[in-house]
Amino acid sequence: MCTVSYIPTSAGFILTSSRDESVYRPTLAPERYFHNGNILIYPKDELAGGTWIAANNNGRMACLLNGAFENHIKKEKYEKSRGQVLLESFEYESCGTFYKNVNLIGVEPFTLLLIDKQNFNELRWDGRQKHIKTVNPAIPEIWSSVTLYNQEAIEQRRKWFFRWIKNKIDIPGFDIAGFHSGFHGENMENDIVMKRNGGLQTLSISQIIIRKNSGHFSYIDLVKKETHRYDLNKDKKLT
Numbered sequence: 022m023c024t025v026s027y028i029p030t031s032a033g034f035i036l037t038s039s040r041d042e043s044v045y046r047p048t049l050a051p052e053r054y055f056h057n058g059n060i061l062i063y064p065k066d067e068l069a070g071g072t073w074i075a076a077n078n079n080g081r082m083a084c085l086l087n088g089a090f091e092n093h094i095k096k097e098k099y100e101k102s103r104g105q106v107l108l109e110s111f112e113y114e115s116c117g118t119f120y121k122n123v124n125l126i127g128v129e130p131f132t133l134l135l136i137d138k139q140n141f142n143e144l145r146w147d148g149r150q151k152h153i154k155t156v157n158p159a160i161p162e163i164w165s166s167v168t169l170y171n172q173e174a175i176e177q178r179r180k181w182f183f184r185w186i187k188n189k190i191d192i193p194g195f196d197i198a199g200f201h202s203g204f205h206g207e208n209m210e211n212d213i214v215m216k217r218n219g220g221l222q223t224l225s226i227s228q229i230i231i232r233k234n235s236g237h238f239s240y241i242d243l244v245k246k247e248t249h250r251y252d253l254n255k256d257k258k259l260t
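Next comes the structure, spelled out in structure tokens:
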């Protein structure tokens, strides 16, 4: 996985994640879970028990991409799944304390986006050390997993994204979901909705929309043709 976009709006922002994974990997639609006193909403990877995107009702969220800066040689076994590291991040008082104290030895390389009411940070773990970067919340951005896409494909996807948002002043959530569910090139292996041999394809689109006094989590299952929505403020499932 995956493709992630971030778009600031006049009232907040939109964070959208496309999950590119094997169609044979079992996944559960978003539900409410309790983790050490935290109430989180996220879709669950049944195989490893983690997730690639999660949010709580206090304005904090996290989103995961596989790989750090370049594709890596996969080991036979890792101590902890990356999706479990994402969930672990909510156990820390702040993103800063998480970056400083989390033990990532034995974890496969990843990129983790962490957003709260004050900060937007990017943590890349290359298998040996942590690389921390502050993201400007006023600028749109797109990320693509380096384990699935080479640099040429990543740059092409960036062009599609910035061409799409050009001249758009304020973008509704369904609009960016349309970008994530649309086709932009002739090569389906590297498109935003991708499909490759062996059952690897874009399985779902998760979207978190934050406004001044509200927050919503939407999940579109592209395989089952289902949509699930949560109100983050009221901690309530809508559909």
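So in our numbering, spot 125 of the sequence shown is number 146, and the numbers just go up one at a time. Even glycine gets a Cβ: it sits at the ideal position worked out from N, Cα and C.
First through last residue of the alpha helix (DSSP H) which encompasses residue i
{"i": "R178", "result": "Q172 to I186"}
{"i": "N122", "result": "C116 to N122"}
{"i": "Q105", "result": "R103 to S110"}
Cβ neighbour criterion (16 or more within 10 Å) applied to residue i
{"i": "I136", "result": "buried"}
{"i": "E100", "result": "exposed"}
{"i": "G88", "result": "buried"}
{"i": "P130", "result": "buried"}
{"i": "M215", "result": "buried"}
{"i": "Q172", "result": "exposed"}
{"i": "Q150", "result": "exposed"}
{"i": "R40", "result": "buried"}
{"i": "I62", "result": "buried"}
{"i": "R103", "result": "buried"}
{"i": "F183", "result": "exposed"}
Residues near residue i in its chain [Cβ-Cβ closer than 7 Å; skip 5 each side]
{"i": "K138", "result": "G80"}
{"i": "W146", "result": "A89, L125, V128, P130 and F131"}
{"i": "K233", "result": "A32 and G33"}
{"i": "L68", "result": "R46 and P47"}
Residue closest to residue i, alpha-carbon to alpha-carbon, out of the options
{"i": "N59", "options": "F200, F111, I126 and E42", "result": "F111"}
{"i": "I213", "options": "R103, S202, E52 and G148", "result": "S202"}
{"i": "F34", "options": "D147, G104 and G236", "result": "G236"}
{"i": "L259", "options": "N142, P193 and Y240", "result": "Y240"}
{"i": "I226", "options": "D196, H152 and G148", "result": "D196"}
{"i": "E91", "options": "R217, L169 and D252", "result": "L169"}
{"i": "Q105", "options": "L133, E97, I229 and G71", "result": "G71"}
{"i": "Y27", "options": "A198, I94 and Y54", "result": "A198"}
Opening and closing residue of the beta strand (DSSP E) in which residue i lies
{"i": "S26", "result": "T24 to P29"}
{"i": "Y99", "result": "No beta strand (DSSP E) holds Y99; DSSP gives it neither H nor E."}
{"i": "T164", "result": "Before going further, note that residue 164 is Trp rather than Thr in the sequence given. First-last of the beta strand (DSSP E) with W164: E162 to S165."}
{"i": "H56", "result": "T48 to H56"}
{"i": "D242", "result": "S235 to D242"}
{"i": "H93", "result": "Looking at the DSSP string, H93 is not in any beta strand (DSSP E), and its letter there is neither H nor E."}
{"i": "W146", "result": "F141 to W146"}
{"i": "Y251", "result": "E247 to D252"}
Same chain, Cβ closer than 8 Å to residue i, five either side skipped, listed in chain order
{"i": "Y113", "result": "F119, N122 and V123"}
{"i": "V50", "result": "A small correction: the amino acid at residue 50 is Ala; Val does not occupy that position in the sequence shown. Within the same chain, A50 has close Cβ partners P64, Y240, D242, E247 and H249."}
{"i": "K96", "result": "E129"}
{"i": "F204", "result": "D212, I213 and V214"}
Cut-off 6 Å between Cβ atoms - residues of its own chain near residue i, not counting five sequence neighbours on either side
{"i": "S165", "result": "T24, I175 and R178"}
{"i": "I231", "result": "G33 and F34"}
{"i": "K154", "result": "E143"}
Contact test: residue i Cβ vs the ligand ATP heavy atom, cutoff 8 Å
{"i": "S26", "result": "Absence of the ligand ATP from the depicted structure is noted, as is the absence of any ligand whatsoever, leaving it without description."}
### Query
Can you find at least 3 beta carbon pairs, one from the region 32-51 and one from the region 180-189, that sit closer than 8 Å?
no
### Task
For the region 123-136 and the region 172-180, state whether three or more C-beta atom pairs, one from each stretch, are separated by less than 8 Å.
no
### Query
Is there contact here, the region 159-167 with the region 66-80, by at least three beta-carbon pairs under 8 Å?
no
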